[in-house]
Amino acid sequence: MLSLIFTWLIVAWGILSCIYMLRCAWTRFPKRDADDVIPFLYPVDISLAESLLDPATDFEFRWNLRPRQFRDAQRKRMRLYLELTRRMAHNATVLVQYADAENNSCDPRRVGLASTLQQKAIEVRIYSLLTRIKLHLWLLLRSELLTSKPVLAHLRTAGDIDGLQTYNALKIAAAAAFVELPPDELESLTRSL
Amino acid sequence: MKLLAWFIPLGLLALLFCLLLQRRAYKVCPWFFTYVAFAVAADSGRFVALSHPHPYRTTYWITEAGYDLLGILVMYEVLRAVLGGLTLAWWARLIFPAVVVAGVGMSLARANAVPSRLSGIEFYIVLGEIAVRFAQVFVFAGLVALVRLLGLRWRQYPFGVATGFGLYATVMLLTTIKFSDFGTRFKLLWGWTSVVAYSVAVLIWIWFFSVPQKAENQNPELSALSPGDLKQYKDALRRMR
Numbered sequence: 035m036l037s038l039i040f041t042w043l044i045v046a047w048g049i050l051s052c053i054y055m056l057r058c059a060w061t062r063f064p065k066r067d068a069d070d071v072i073p074f075l076y077p078v079d080i081s082l083a084e085s086l087l088d089p090a091t092d093f094e095f096r097w098n099l100r101p102r103q104f105r106d107a108q109r110k111r112m113r114l115y116l117e118l119t120r121r122m123a124h125n126a127t128v129l130v131q132y133a134d135a136e137n138n139s140c141d142p143r144r145v146g147l148a149s150t151l152q153q154k155a156i157e158v159r160i161y162s163l164l165t166r167i168k169l170h171l172w173l174l175l176r177s178e179l180l181t182s183k184p185v186l187a188h189l190r191t192a193g194d195i196d197g198l199q200t201y202n203a204l205k206i207a208a209a210a211a212f213v214e215l216p217p218d219e220l221e222s223l224t225r226s227l
Numbered sequence: 528m529k530l531l532a533w534f535i536p537l538g539l540l541a542l543l544f545c546l547l548l549q550r551r552a553y554k555v556c557p558w559f560f561t562y563v564a565f566a567v568a569a570d571s572g573r574f575v576a577l578s579h580p581h582p583y584r585t586t587y588w589i590t591e592a593g594y595d596l597l598g599i600l601v602m603y604e605v606l607r608a609v610l611g612g613l614t615l616a617w618w619a620r621l622i623f624p625a626v627v628v629a630g631v632g633m634s635l636a637r638a639n640a641v642p643s644r645l646s647g648i649e650f651y652i653v654l655g656e657i658a659v660r661f662a663q664v665f666v667f668a669g670l671v672a673l674v675r676l677l678g679l680r681w682r683q684y685p686f687g688v689a690t691g692f693g694l695y696a697t698v699m700l701l702t703t704i705k706f707s708d709f710g711t712r713f714k715l716l717w718g719w720t721s722v723v724a725y726s727v728a729v730l731i732w733i734w735f736f737s738v739p740q741k742a743e744n745q746n747p748e749l750s751a752l753s754p755g756d757l758k759q760y761k762d763a764l765r766r767m768r
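So the sequences go chain by chain: A and B. Residue numbering for the first sequence follows our numbering, starting at 35 and increasing by one per position. Residue numbering for the second sequence follows our numbering, starting at 528 and increasing by one per position.
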């Protein structure tokens, strides 16, 4: 009986995967070029992320606020960092799609830059995914109620990936990949990331 | 009608084999190339032996064992191609053995729940076949989850190979667990569903391999940036700080 239930679950998983692949093939974004990148990006305030992940800020909040106020403040900061990681993940997806299109270029330099961009974007996606799972769990279980934890500074790395460092590397890779844009557009790209 | 059911998958496989040769897929996916070459040879062998019951039976079971072995090797190749570019973490090497163990476990559990009428080597071949199908669905569904979660490019050869196998394996598992309720009509339904699902899988492979894919080059020899581009790049980096 149990094996039958598992078999049905696996078959259902397979069917859903087939439907998803069909949807990907049907609704794919037309080849994303440089014009389709900047308007689709969400700005990520890296200095804000740095301050959220700073252990000293955690300590300062804990020192200055009452336990209840501290818990509320922590929840707000968690929600804020969740939004930042959502934006990071979204920007990384847009850049992966751009790099996909660039991979078909005849110029080996552009292909090389696109590969680097894609690699960094995937690392950002992995970091964002792991961090968001952790944050959702913390928010769902209200883990800060029991121990006055979690400490946001622990989110700096996830799966051996330093989130902010990798996001900065992604920005550098994007600047290199889009170097041929006019200066005002390149500036707009760096501001939008 | 029976001949048509033989000719359609065999014809599609021959077309796929030519396409793989043209795309030099033996360099990118050597085990999948071997699988397709074996499938063309195996189906031709079965077709030749069709009117001789004893040689047909022998050919059928030998080629079925070959399909099992190559099916799992192709899954190894797909996982290595996708995960190799994603992570160097030690646990990534455990994914394939875990998939195989899960597939064998599910196949054994099924054999225990629904006793087979086969015995001896034939029983083990069918057991292996069901384990490979479970493994193929696991790999396919896992890769689709990666596409969804990490935004990976899905239009690449390893995903195409996994999609074809995943679709076929899903349909065959569904057929095995559901159509067995139909009693004597099961054999007919199973045969036709198998032919249609396999033909669709081969069409998926043809579609994926119809587009050339550049081999991954980890260290491309980059031409230097022009002085103007270099200045602009430095300006962009300065603005980021």
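Glycine included, each C-beta is placed from N, C-alpha and C at the ideal position.
- Between Phe212(A) and Ala123(A), the beta carbon gap of about 20 Å keeps them out of contact (Cβ cut-off 8 Å).
- Taking 8 Å as the CB threshold, Leu676(B) lines the interface with chain A.
- At a cut-off of 8 Å between C-beta atoms, Thr41(A) counts as an interface residue with respect to chain B.
- For Met35(A), there is no enclosing alpha helix (DSSP H), as DSSP marks it with neither H nor E.
- Only buried fits Pro536(B), as 16 or more other CB atoms lie within 10 angstroms of its CB.
- Judged by their CB atoms, Gly193(A) and Ile160(A) are nearer to each other than the 8 Å cut-off.
- Using a Cβ-Cβ cut-off of 9 Å, Trp588(B) is close to nothing in chain A; its nearest Cβ partner there is about 24 Å away.
- Taken through DSSP and simplified to helix, strand or coil, Ala126(A) comes out as helix.
- When C-alpha distances from Val653(B) are compared across Trp558(B), Val698(B), Gly693(B) and Thr703(B), the shortest belongs to Thr703(B).
- Contacts with chain A (Cβ-Cβ distance below 8 Å) from the region 631-652 of chain B involve Met633, Ala636, Arg637, Asn639 and Ala640, listed in chain order.
- With its beta carbon at least 8 Å from every one in chain A, Gly655(B) lies outside the interface.
- The beta carbon of Thr697(B) falls within 8 Å of a beta carbon belonging to chain A, placing the residue at that interface.
- Counting C-beta pairs with one atom in each stretch, the region 558-567 of chain B and the region 579-588 of chain B have fewer than three that are closer than 8 Å, which means they do not touch.
- Any Cβ of chain B closer than 8 Å to the Cβ of Val45(A) would place that residue at the interface, and such an atom is present.
- With respect to chain A, the C-beta atom of Ile704(B) has a partner C-beta closer than 8 Å.
- Looking only at Tyr695(B), Gly630(B) and Val723(B), the smallest Cα-Cα distance to Trp533(B) is reached by Val723(B).
- According to the DSSP assignment, Asn137(A) belongs to no alpha helix (DSSP H), since it is labelled neither H nor E.
- Here DSSP, grouped into helix, strand and coil, assigns Asp88(A) to coil.
- In the structure shown, Ala192(A) adopts extended strand secondary structure according to DSSP, grouped into three states.
- CA-to-CA, the gap between Ala696(B) and Trp717(B) works out to about 13 Å.
- In summary, Phe686(B) is buried, with 16 or more beta-carbon neighbours lying within 10 Å of its beta-carbon over all protein chains present.
- For Val185(A), no alpha helix (DSSP H) encloses it, and the DSSP letter there is neither H nor E.
- Listed by position along chain A, the residues whose Cβ is nearer than 9 Å to that of Thr690(B) are Ser51, Cys52 and Met55.
- In this structure, Gly693(B) places its C-beta atom within 8 Å of the C-beta atom of Phe667(B).
- With its beta carbon at least 8 Å from every one in chain B, Thr200(A) lies outside the interface.
- For Tyr594(B), the three-state secondary structure derived from DSSP is helix.
- Proximity of the region 123-141 of chain A to the region 670-690 of chain B meets the contact definition, three or more beta-carbon pairs being nearer than 8 Å.
- Here the C-alpha atom of Pro89(A) lies approximately 43 Å from the C-alpha atom of Lys65(A).
- At a C-beta separation below 7 Å, Arg607(B) has no neighbours in chain A, since its nearest C-beta there lies roughly 17 Å away.
- Within the same chain, and ignoring the five residues on either side of Ala135(A) in sequence, the residues whose Cβ sits closer than 7 Å to its Cβ are Lys65, Arg66 and Asp67.
- With respect to chain A, the C-beta atom of Arg551(B) has no partner C-beta closer than 8 Å.
- Contact annotation: the region 46-54 of chain A does not touch the region 197-206 of chain A, with fewer than three C-beta pairs closer than 8 Å.
- Residue burial is scored here from C-beta neighbours: Asp595(B) has at least 16 other C-beta atoms within 10 angstroms and is therefore classed as buried.
- By the neighbour-count criterion, in which 16 or more other beta carbons inside 10 Å mark a residue as buried, Trp97(A) falls on the exposed side.
- Counting only the Cα atoms, Val71(A) lies some 13 Å from Lys205(A).
- Note on Ile44(A): 16 or more other CB atoms within 10 angstroms of its CB, so buried under the neighbour-count rule.
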